[in-house]
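Chemist: Numbering-wise, the sequence shown is residues 1 to 69 according to this note's numbering. C-beta: ideal position from N, C-alpha, C; glycine also. Next up is a structure, given as structure tokens.
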Amino acid sequence: MSDQADSETKLLAELGIDPTELKSIKPRWKRTQYRAIVNWLTKYEGLRLENASNLEKAKGRLEAFHHLY
């Protein structure tokens, strides 16, 4: 696992979000928002690429945090 992926996994843990437990989250709107957070932090190319700019990394994290509210 790369350092970047490891830091995103730690961030999910700090937020108290376990990707394996998403299906059990109720209500549905909350589950949808949590799924979006996981997707932004684990699948967004701007966070996964080693040579991504700081702007791309910030965008992925900001999009994820947007779904917390």
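1. Three or more C-beta pairs closer than 8 Å, one from the segment 33 to 46 and one from the segment 4 to 17: is that the case here?
2. In this structure, how does DSSP classify Ala58 when only helix, strand and coil are distinguished?
3. Quick check on this structure: which residue in Leu41, Glu21 and Ser24 has the alpha carbon closest to the alpha carbon of Leu68?
4. When DSSP labels each residue in this structure, what does Asn51 get in the three-state scheme?
Modeler: By the coordinates alone:
1. Below 8 Å, enough C-beta pairs join the segment 33 to 46 and the segment 4 to 17 to call them touching: three or more.
2. Residue state for Ala58 is assigned as helix, using DSSP reduced to three classes.
3. When Leu41, Glu21 and Ser24 are compared, the shortest CA-CA separation from Leu68 is found for Leu41.
4. Coil, per DSSP.
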